[in-house]
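When the letters of the sequence shown are read in order and numbered with the working numbering, they come out as residues 8 to 226. Note that beta-carbon positions come from the ideal geometry of N, C-alpha and C, so glycine has one too. Note sheet for the following structure.
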Amino acid sequence: MNNFITNDDSKELKERLLELIHVSKELKFLVGFFYFSGIQELYQGLKENPDVILKVLVGMNIDTANFKLLEFAEYGNNTSDSDKSEKLLGDIRLSLAHEDFDTPTFYKQIAFIIDLIQKDRLIIRKTRDPNHAKIYFFHTTEKAKSKLFITGSSNLTRPALTTQAEFNVEISDYGAKETEAYFDALWDDAVKITERDEVKLKLIKVIEKGTLVRKITPF
Numbered sequence: 008m009n010n011f012i013t014n015d016d017s018k019e020l021k022e023r024l025l026e027l028i029h030v031s032k033e034l035k036f037l038v039g040f041f042y043f044s045g046i047q048e049l050y051q052g053l054k055e056n057p058d059v060i061l062k063v064l065v066g067m068n069i070d071t072a073n074f075k076l077l078e079f080a081e082y083g084n085n086t087s088d089s090d091k092s093e094k095l096l097g098d099i100r101l102s103l104a105h106e107d108f109d110t111p112t113f114y115k116q117i118a119f120i121i122d123l124i125q126k127d128r129l130i131i132r133k134t135r136d137p138n139h140a141k142i143y144f145f146h147t148t149e150k151a152k153s154k155l156f157i158t159g160s161s162n163l164t165r166p167a168l169t170t171q172a173e174f175n176v177e178i179s180d181y182g183a184k185e186t187e188a189y190f191d192a193l194w195d196d197a198v199k200i201t202e203r204d205e206v207k208l209k210l211i212k213v214i215e216k217g218t219l220v221r222k223i224t225p226f
C-alpha cells in the first residue's frame with residue numbers, strides 16, 4: 008500500500024478521508040482554519056455514518072488580502088476567550104461570503120452541518136496559540152487499525168482535499184499514541200466554541216443570517 012497521498016491520478020485525500028469516515032467512530036482534526044468548503048467535501052461520509060463524532064481544532068485565523076482568504080497567526084495571550092470566540096465567528100462569516108457557496112447543493116448541505124452542530128456531532132474549538140499543523144486522526148472500528156492518522160500539507164479546504172498538489176502520509180504502525188496525546192493536550196487547553204450554548208447559538212445565527220445561505224424574505 009502506498010501511504011503517500013498527493014491528490015494526483017492515484018488518489019485524492021478526499022477519497023481516503025471518506026473511506027476512513029465510513030469505518031470510524033471518532034475523528035480528531037487539527038487544521039489551520041475551519042473551512043466549510045472542506046466539510047462540504049466530507050458531507051456524504053458524515054451523512055452515511057450517523058454515529059461518528061467530528062472534533063475540529065482550529066489553529067489559525069483568516070483575513071482578506073487582494074480579495075483572497077489568507078491564514079495568519081495572531082500571537083499573544085492577552086485576548087480573552089470571548090474575544091477569540093468572536094474572532095472565529097467573524098472568520099467563519101468571512102469565509103462563507105464567497106460566491107462559491109451560493110449554490111443549491113450547499114444550501115442543502117448547510118442544513119445538515121447545522122444539525123451536526125446542534126447534536127454535538129461536530130465539535131469545534133480554537134487553539135489559544137497559533138498552530139499550523141495538520142492532523143487527521145481516526146478512531147476506527149477495525150481491529151487491525153483501530154487508530155491511525157494522516158498528516159502533511161493539506162488543510163481542510165476543497166482544493167487541498169482534491170485537486171491541489173499536496174503531500175500527505177497515512178501512518179498506522181507507529182506514532183498514533185503520541186499524535187493523539189499531542190492533539191488531546193491542545194484540545195483540553197483550547198477555547199470551546201460549540202460546547203458553550205451562547206457561542207453555539209451565535210455560530211448558527213452567523214451561518215443562517217450572516218452569510219449567503221440566509222433566507223431572503225419580503226421584509
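Q | Selected residue, minimal CA-CA separation from Thr134, among Thr86, Phe145 and Gln171 | A | Thr86
(Q) Let me make sure I understand the geometry here. Which of Ile124, Thr148 and Ile157 has the alpha-carbon closest to that of Ala202? (A) Here residue 202 is Glu; the residue named in the question, Ala, does not match the sequence. If we check each option's Cα against that of Glu202, Ile124 comes out closest.
Q: Since I believe Arg165 is in contact with Gln47 (beta carbons under 8 Å), could you give me their beta-carbon distance rounded to a whole number of angstroms?
A: 7 Å
Q | Same chain, Cβ closer than 7 Å to Lys289, five either side skipped, listed in chain order | A | What is shown of the chain runs 8 to 226, which leaves residue 289 out entirely.
Q. What are the start and end residues of each continuous beta strand (DSSP E) run of 3 or more residues lying completely inside the segment 125-178, in chain order?
A. 129-133, 142-147, 154-159 and 175-178
**Q.** Inside the segment 29-57 only - beta strand (DSSP E) runs reaching at least 3 residues
**A.** 31-38
**Q.** Boundaries of the alpha helix (DSSP H) in which Lys184 is found, first to last residue
**A.** Ala183 to Asp196
Q: Could you tell me whether the segment 14-31 touches the segment 184-203, using the rule of 3 or more Cβ pairs below 8 Å?
A: no
Q.
Taking 7 Å as the limit between beta carbons, can you name the residues of its chain near Val198, skipping five residues before and five after?
A. Asp88, Lys91, Ser92, Arg132, Lys133 and Arg135
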